[in-house]
Each structure stands twice: as structure tokens, then as C-alpha cells.
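Those protein sequences? They're chains A and B, same order as listed.
For the first sequence, our numbering gives the first residue as 31, with consecutive numbering after it.
For the second sequence, our numbering gives the first residue as 486, with consecutive numbering after it.
Note sheet for the following structure.
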Amino acid sequence: MSLENCFRILAKYYPSFLLGIRTTLIVSLSGTLIGLVIGLLVGGFRAVRLDKTAPKETRYLKNAIDISLKIYIEFFRGTPMMVQAVFIYYMVYTNIVHWDKMIAAVVVISINTGAYMSEIIRSGIQSVDPGQNEAARSLGMSSMQTMMDVILPQAIRNAFPAICNEFIVNIKDSSVLMIISITELMFQSNSVAGTTYRFTETYFVTAMIYLLMTSMSSFLFHHIELRMNHTKTSFPQSDTNFYSMKIAKEKTQ
Amino acid sequence: MSVIEIKNVKKSFEGNVVLSDISFNVEKGEVVCLIGASGSGKSTLLRCINLLEDIDEGQITVLGQDIGKLHNINEYRKKVGMVFQQFNLFNNMNVLDNCMLAQTRVLKKSKEEARKEAIRQLEKVGLSDFINAYPATLSGGQKQRVAIARALCMDPEILLFDEPTSALDPEMVGEVLNVIRELAEEDMTMIIVTHEMKFAADVSDKVIFMDDGIILEEGTPFEIFNHPKNERTRQFLARIIS
């Protein structure tokens, strides 16, 4: 393997790589976002505790949904995404509708990510101090209002690093979607390697591209995280307000 | 009729008896201080009144309603405010939003009305200059005063204080107690769990000394602090005051 050959391959086949990058990013970004929505719904629902005054029927219904959600999570965390991809794609294709591969890819990656996100959100919710819940309830807020206004915003902040991690995992793991012929980066690399017969060099280029994508994402997320924490520990308001507060402080002393 | 009537209340956690046969009444406008050693069941009793815990036996009647048989807990809770030892301000919101949230969500007030009321109550506790600050930037005493303002915004008929100064630096205790003292002068009905004996003697109409899940002694501050009848009360006060 020589670096020179790597550059030669990159120079000649960069349009294929670019196309692959585009598809990889589209699939993993939309998959992560939809997965996050699924995770918020599933994780939030699972974390809600019913009031003791809730009627029996509501209790049974909640229990039944909890169990089916648990099965969903276990199934999608416990089987390889590659298997899920072929299974779901062909099942829908042969039994329901001849669907677009790209849609299939986004669906598969979304529900797969959703399973992980559900657990991430649930643990995020559990990491919020129970006193927050008690305070909101003692003011007469319902458990749903408490969840939406008080608990979830804090849970998402706590879980933010783990949520970002899912996106990085998806950039890499979307490569298994080539099994249903999605033209993402890995698929494109295979065809480049097939044409050039320079396997080592081609896949080295591929690896570098993946590394670049993931490290740039980490960098970006790290800065968003710093921003978020900023509002937690300092005054998120204009300097004039800050000044008036300082005066107020001196007054009270 | 008393505002709060507690009759033969019993409560245990997994076989561990925390409250055994508690009964007392609170009249309208009365300030009742619950004192006693840690683990004597004071906080649990307070949490039972606000339904954060369920009682095993007995009956608690508040504002004429048996709270064990409520259809709508939220409807009840908005009339009974609670202030916690750990403040429990909503960390994701600034001071103003902390005070506005339940007003708009539970009382269904408009933002404008809620804002006005929040500022009025924050002025009362001396924090109207801090409306944009986040809880993490406030001192303990300031946080607790915001928590009191937040409870007052709901215009409650009863306020419950669960050791409101126990998590505070000594120099901040005064500012919080002053706010509570003002409320007592306005004839707010309050039950206060506290370890501040001087404050309890000052502010309360009735003092209840609890030990091991029962009420050992109950009376005016003068009776309890100057002429305690029970040996255990005497020991406790002697240790605390010295």
C-alpha cells in the first residue's frame, strides 16, 4: 500500500465517495433524529408512573403497552442491524408494498436507533433529581405536565452526550445497509475497490473518510454541549441585567 | 371546624413504623411547628398531608375533605403549598419561569397575569431583581425564598414547610425565617417542620414535639419550651438549646 495510490484513487473516484458520504449522512442524520423522537415517546411513556387514583383500566393498558415497548427494545437491541435491514426490507417488499430502498434504510435505522434512544432517555429521566418531580406535583401539576415541562428538558440535557454518541455510531453502522443496496459510503467503496483492484488503498481512504466524519461530529457536539452547560452555571442575560443584579446584591447585604 | 384534622394516622415503610397513631388539629390562620429528633417522623407526616406519601391507617381531613378519597389530587394540591428542604427549584428555568409555570399550567392563567403575580410574590421575598437568574447561580437562602414565592403564586390556603432552613448556611437562615415570619403575621395557615427552636418559639401558635412516630407533647410555645412536662422533651430541648 502506498499513500500515493490512495491519493490517486481519491482524485479519480472522489465523485463516488462524495455520493456515498451524502447518502451516509442523510441516512444516519435522519435515522438519529427520528430515533430520538421514538426514544422520547417510548422512554417518556415508560418512565411515567400512574397516580394511585388512576382507574384499573388505565393501569392495565399502561402495563400492556409497557410490556410491548420492552419487547420492541429487546428485539432491536438484541439482533444485528444487518439482519433487521434485510428482514424488514423483504418483509414489507413481498407482503405489503414495493417500497423505495432509501425509505427502507431510514425506517430500519430509525427504529433501531429508537430502541437505544428509549433506554438513553429513560436513564436520563432517572438521573433527574426526584425532588424536581415532587416540587412540580406539589404545585398541582399533572404527571404529564411535569414530564413535559420539568423532567424531559433536564433529562435531554443530561443525556445529550449519549444522544450524540448515537449519531456517531449511526455514521459507522449505516455501512451495514449496503446489504439492501443502499449506495452509502461503504457500498461506493466496494465498487471503487472492485474497479481498481486496489483493495487496501481504497478501504484505507474509506476508513479515513469515516474517521473524518465522526471526529468532526464529535467536535461539533462538544461545542454544543459547552454552550448548553454555559446557561447552567452563569447568567444568560445581558450585561445591563447583570449589573442591576450586582447592585441589588449590594443593597441586600 | 379545623382546617386540618389528623386522626390516628399510621404509616410504616416495609415494616419500619414511622408514624404510630398521630392525631392533631390545625385551625385556620394557625402556625404549627413540628419539632423533634431526626427520624421521629416529622417530615413523613408533612409529606402525607400533601399526598407525597400514602398513609396506612387513619384519616386526614383538609378543608373538609378526606384526602384519602380525593378524585383529583391536583385540584387538592394547588390549595396546599409545600416548601422543601432541598428547595427543588426547576433547574431548567429561570426564577420568573419557576414562579409562572404552575400558574399557567394548573391555574390556567394568562402569561401576563402569571407574570404579574410572580413579580408581586418575588418582590415580597425581596428577589424581584433576580427574575432572570437561574437556580444554579443563586445562594441557598435566595433559592429557598424563590421556592416560597413559587408556592405563594398558587395562592394556597395552607403552606407546609419541610425543614426550610436545614440545608442553608447559618448566615442565610435569617432571611428565610423572616419571610416565613411575615407570612405568619398575615395569618397564613402553616405547618413548619424545623430545628430552629428560637424561631419556633417566636412564630408558632402551637408546638408539637414528636418522638419515634408519636406526639409526646403538644402545647403553646411557652408550655413546651419553658415548662415541658415530658422527660424526653426536656432532654431534647436541653441538648438542642445548649
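Every residue gets a Cβ at the ideal spot worked out from N, C-alpha and C, and that includes glycine.
Contact list for S172/A against chain B, beta-carbon separation under 7 Å
N559
Whose Cβ in chain B lies nearer than 7 Å to the Cβ of Q156/A?
Per Cβ cutoff of 7 Å: no residues; Q156/A is ~16 Å from chain B at best.
Output, in chain order, the set of chain A residues within a Cβ distance shorter than 9 Å of F569/B.
G161, E164, A165, S168
Chain B within 9 Å of R187/A, Cβ atoms only
yes
Helix, strand or coil for S505/B per DSSP?
strand
Checking contacts by CB at 9 Å: is F575/B closer than that to chain A?
yes
Relative to chain A, which residues along the region 575-604 of chain B have a C-beta separation below 7 Å, given in chain order?
F575, N576, N577, L586, A587, R590, V591
Helix, strand or coil: which one does DSSP assign to D614/B?
helix
Simplified DSSP state of C518/B, which is helix, strand or coil:
strand
Should P110/A go down as buried or exposed, given a rule of 16 or more other Cβ atoms within 10 Å for buried?
exposed
Quick check on the DSSP output: the beta strand (DSSP E) that includes L645/B runs from which residue to which?
643-647
Closest to L66/A by CA distance: which of P160/A, S245/A, G154/A is it?
G154/A
Could you check if Y227/A is buried or exposed, using at least 16 other CB atoms within 10 Å of its CB as the buried criterion?
exposed
Could you tell me how far apart the beta carbons of S140/A and I68/A are, in whole angstroms, since I believe they sit closer than 8 Å?
7 Å
Would the beta-carbon of I534/B fall within 9 Å of that of V547/B?
yes
Within 9 Å of any Cβ in chain B, is that where the Cβ of K92/A sits?
no
Check for me: the alpha helix (DSSP H) holding K42/A runs from which residue to which?
33-77
Taking beta-carbon pairs under 7 Å, can you tell me which members of the region 202-227 of chain A lie near chain B?
none
Within its chain, find whatever has a CB closer than 7 Å to the CB of A618/B; leave out the 5 residues flanking it on each side and keep chain order.
N579, V580
Express the C-alpha separation of L536/B and A634/B in angstroms, rounding to a whole number.
21 Å
Could you spell out where the beta strand (DSSP E) holding F572/B opens and where it closes?
Per DSSP, F572/B belongs to no beta strand (DSSP E) and is neither H nor E.
Are the CB atoms of A77/A and M177/A nearer to each other than 9 Å?
yes
Give the single residue among A636/B, P620/B, A621/B, K628/B whose Cα lies nearest to the Cα of R605/B.
A636/B
What residues from chain A crowd round L548/B, counting only those whose CB sits closer than 8 Å?
The premise fails here: L548/B is roughly 14 Å from chain A at the closest Cβ pair, so nothing lies under 8 Å.
Here's the rule: buried if 16 or more other CB atoms are within 10 angstroms of the residue's CB, otherwise exposed. What is D640/B?
exposed
By how many angstroms is the C-alpha of D179/A removed from the C-alpha of N573/B?
14 Å
Do S284/A and T230/A have their C-beta atoms within less than 9 Å of each other?
Only positions 31 to 283 of chain A appear in this structure, which leaves residue 284/A out of reach.
How would you call G144/A, buried or exposed, if buried means at least 16 neighbouring beta carbons within 10 angstroms?
buried
Please name the residues in the region 500-517 of chain B whose beta-carbon is closer than 7 Å to at least one beta-carbon of chain A, in chain order.
none
Less than 9 Å between CB atoms is the rule here; does K496/B satisfy it with respect to chain A?
no
Tell me which residue opens and which closes the alpha helix (DSSP H) that L182/A is part of.
182-203
Would you kindly work out how many angstroms separate the C-alpha atoms of I677/B and F684/B, rounded to a whole number?
10 Å
Taking Cβ positions only, does A652/B come closer than 9 Å to chain A?
no
Which residue comes first and which comes last in the alpha helix (DSSP H) that contains L607/B?
596-609
Say whether chain A places a C-beta atom closer than 9 Å to the C-beta of G566/B.
yes
Go ahead and label D159/A buried or exposed: buried means 16 or more other beta carbons lie within 10 angstroms of its beta carbon, across all protein chains shown.
exposed
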